[in-house]
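Written below as structure tokens is the structure these notes are about.
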Amino acid sequence: MSTQRVFTSVFPRLRVASSKNATTSLAQQTQQLRCYSRPTATLRPSGPARSLVLSSAAASAPRRVCVPATSSTQPRTLSTSASLSHGHVDTPKPGEELWVTFIDKEGVEHKIAVCKGDNLLDIAQAHDLEMEGACGGSCACSTCHVIVEDPDYYDRMPEPDDDENDMLDLAFGLTETSRLGCQVIMTPELDGLRVKLPSMTRNLQSSDFN
Amino acid sequence: MATIAWARPRAFAQWNRRIALAYTTQVRRASTTGEPFRLAIIGSGPAGFYTAYRFMKNNEHAKVDMYESLPVPYGLVRFGVAPDHAEVKNCREKFEEVASSPNFNFVGNVTVGASSDHPDGATVPLSSILRHYHAVVFSYGSSEDRKLGIPGEDLKGVFSAREFVGWYNGLPEYADLNPDLSLGFHDDTLIIGNGNVAMDVARILLKTPEELAKTDIAAHALDALSRSKVHNIRIIGRRGPIQAAFTTKELRALYKLPDVEVRPYDLEHPKSYQVLPPPVKRRTELLSKGKHLPPNLSKSYPSVTFDFCLSPLHFDHDPKQPSSRPGWVTSATFGKTVLRHPNQTYGSIEYNESSHESREYYDQKATARLPPNPKTITLPTRYIFKSIGYKSTPLPEFPHLGIPFNTSTGVIPNDGIGRVLTKIHHPHQLPSSSHPTHHQAHIELPHHFKGLYCSGWVKRGPQGVIAETMMDAFTTADAITEDLSKQEKFLPDSGLGQDAKGWEAVRAEALGGNAKVVSWEDWKAIDEAEIERGQKAGTGKEREKFVRREDMLAVLGDKAGR
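Taken in order, these protein sequences are the chains called Z and H.
According to this note's numbering, the residues represented by the first sequence are 5 to 214, in order.
According to this note's numbering, the residues represented by the second sequence are 224 to 785, in order.
Below, the structure is given as structure tokens:
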């Protein structure tokens, strides 16, 4: 009997604790607290009327809808320093909003009103969603990987170029409708786009134990 | 809540608003004295910084001290990432954001465990660190080379890619490597290894000085490379084209070099490659396509050629060779390898040409094996770059402190998530069919060394791009957070940590008054000086790095260490 075997048979609980349970408990706590995480200065939760309009999402999933407040508070969402080029998005003018929904790894939906021309990485970062842009949105890493939920929307986007495909090849959990957030630019055709954010950590199986 | 006036308020205000609340109580509870939870991170590369980032984001009251043996941070982002990949280095923005938190403290120019390799560098024992923190993350990466272990490896003209990369990136350790690249126009330069570092080395060797001058390449390297006669490069892998480790992106970067030919690689069993998963298929297509340039009678283009299934046997110096120099390599001999699925049992394999079945050839997991009497090939050469991987080593105090290290795999044993595992001897009854009685045997059971974690290459081996290191570091950070929320034991509970007071206590205990410690503000001063030097170069250089520790410290004058 190998040490590995002994380890997993003597400590079956440890195996579970270090993968599944951990994720769940963290996820639950995150979800519970998610409602406090919105910067109220910039974004206010939509009223009931707005929710009605947007009720197409799955009823069971927790949802938040964010609409921008007045443009005067807009700089709140800017980057931490002037040198940062990403994370900047403009507030859409009333009536010109395009809607994009991010579904985070806990299944929480974040519906956001954005401007034409913004890319998904900037949008996600400006709204404090868990999406890294390690290379600053220059298509040189795969940390802003998103999965387009509806293949129809995927087909409406311009094809990924070689550089993007090269990076997508390295993305964890690559799918047929994977894209890099920094390369997806919002257009009126993409209004109503829904994308999933993959987990930023590894979910390990016991077989991965050293 | 977010009223604290920090230098860069946004990110940290966001962190406040995040799930930090949930852990605040646990973080406080972790320490019985009401002191904040203190985490030491050994190493300031991407693994260290991403661990700090994630952990601080979820634990707003925790204090993080990051130890770095050089006066400058960022590890392989500064000294590994190729100078012409400036965009990859953008992750520094995130690291700066982390470092701007008042809960973060950079302890530069301080080596942990081993004595510093420089008289101006300070040293603190690991035991002292363990005493003064709740938890320690090892993220010191890989500082050695794997060796080929073949005759002639130490001849002149044979470089390890790690030292060459360190040299062109201005790593103080290799500031004096000074490779003479002015030979070898007619012979091929060999790069042994199939990782992204091999691609980097090839690209840097073939880029024109004008292109390199725009990057943050070290001035001494730019100078030597502008006199380089390296013209034709062979990149040689032990395994086949399907098993190669380089990414499509780095392969494509070679294709993008103007006026450089890439010889197409002829696949064996070309029809079978359709079965490959899309990422490997795309890379294989690119490899077999090659890049031709229009014939030009007045000019011979530099070229890159790929060779696979060749394992180096010996490097030789032949004094009779014309223009050979004493002690320099003149040729390299390789043996043809065969590919086998790792689970395939070997026995004695008679090598024959037809053993390259398409099944093994297209098996991504196939390993290369040198048959007993391999076919050999000898290539004349002046330069060999060994790019066969980096290796982590244990800190000198590990055995003494009971911290494990797996020298064969070069990693700190861990649970795959980031908790350092150590083994306890445990008497165990083994059932045995041949004897009626049970045998007493000692089984080694791995268990978590409370308070110790690892992240990055020292955790999972020297591979993967920054995105992988980031995910990996996040996983480690979440493990610490999780252990906190479960009120697991940490260093003070295990009897090792006595007084979790962090850096100030370590400093008082282990450092003399005149040790030159580099703070984050000090690094920013060095940073600014480097950027200024870059501007003076006038070629659009982002920065001109200082390549010697004394020059880095000289920027600070008498300020360092106060």
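The C-beta atom is built at its ideal place from N, Cα and C for all residues, glycine as well.
All figures in this text were calculated on a predicted structure; none of them were measured in a lab.
Cβ atoms of G679/H and A696/H come within 8 Å of each other, at about 6 Å. In the DSSP assignment, V729/H falls within the alpha helix (DSSP H) that extends over W726 to A733.
In this model, G111/Z and F176/Z are separated by some 18 Å (Cα to Cα). Per DSSP, the continuous beta strand (DSSP E) segment holding F327/H begins and ends at F327 to V330. Here Y676/H is bridged, per DSSP, to V360/H and R642/H. With respect to C145/Z, I459/H sits apart: the two C-beta atoms are not nearer than 7 Å.
Beyond the five residues adjoining it in sequence on each side, P627/H comes within less than 6 Å, by CB distance, of P636 and T645 in the same chain, given in chain order. At least one C-beta of chain H is nearer than 7 Å to the C-beta of C139/Z. Contact annotation: V420/H and A384/H have beta-carbon atoms nearer than 7 Å. With fewer than 16 other Cβ atoms from the protein chains shown falling within 10 Å of its own Cβ, Q587/H counts as exposed. Shown here, E193/Z sits in a helix according to DSSP, grouped into three states. If the five residues before and after S534/H are omitted, its C-beta is found closer than 7 Å to the C-beta atoms of R461, F557, G558, T560, A591 and L593, all from its own chain and listed in chain order.
Nearest C-alpha to L201/Z among H92/Z, V118/Z, I116/Z and A128/Z: A128/Z. The C-alpha of I440/H is placed about 11 Å away from the C-alpha of V770/H. The residue among R582/H, G375/H, S338/H and K673/H with its C-alpha nearest the C-alpha of H492/H is R582/H. Around the beta carbon of N282/H, 16 or more other beta carbons sit within 10 angstroms, so the residue counts as buried.
Nearest to M190/Z by C-alpha distance, out of Y158/Z, M135/Z and P98/Z, is Y158/Z. Distance from the CA of P395/H to the CA of R315/H, rounded to the nearest whole angstrom, comes to 20 Å.
Going by C-alpha positions, N455/H is about 33 Å away from P164/Z. Inside the region 557-636 of chain H, DSSP marks whole beta strand (DSSP E) runs of 3 or more residues at positions 561-563, 590-592 and 599-609, from first to last along the chain.
Listed by position along chain H, the residues whose Cβ is nearer than 8 Å to that of M204/Z are M693, M694 and F697.
For the pair of segments examined, the region 285-298 of chain H was found to touch the region 255-272 of chain H: the number of CB pairs separated by less than 8 Å reaches three. Excluding five sequence positions before and after A752/H, the CB atoms of its chain that fall closer than 7 Å to its own CB belong to V778, given in chain order. Residue environment: P402/H is assigned as buried (16 or more neighbouring CB atoms within 10 Å of its CB, all protein chains considered). Remark: C-beta atoms of V360/H and V729/H do not approach each other more closely than 7 Å. Closer than 7 Å to the CB of C677/H there is not a single CB belonging to chain Z. Here K479/H carries a coil assignment [DSSP, helix/strand/coil].
Interface residue (Cβ-Cβ distance to chain Z less than 7 Å): A468/H is not classified as such. The Cβ-Cβ distance between T604/H and L371/H does not fall below 7 Å. In the DSSP assignment, E113/Z falls within the unbroken beta strand (DSSP E) covering E113 to V118. Listed in chain order, the non-local C-beta contacts of C148/Z below 6 Å within the same chain comprise L125, M135, G137, L184, G185 and C186, local neighbours out to five positions each way being set aside. Just measuring C-alpha positions, the residue of T528/H, E765/H, G761/H and E732/H sitting nearest R457/H is T528/H. Shortest Cα-Cα distance from Q544/H to any of Y584/H, S554/H and M279/H involves S554/H.
In the DSSP assignment, K286/H falls within the beta strand (DSSP E) that extends over K286 to Y290. In this structure, the straight-line span from the alpha carbon of T601/H to that of S610/H is close to 19 Å.
Using a Cβ-Cβ cut-off of 7 Å, M190/Z is close to nothing in chain H; its nearest Cβ partner there is about 22 Å away.
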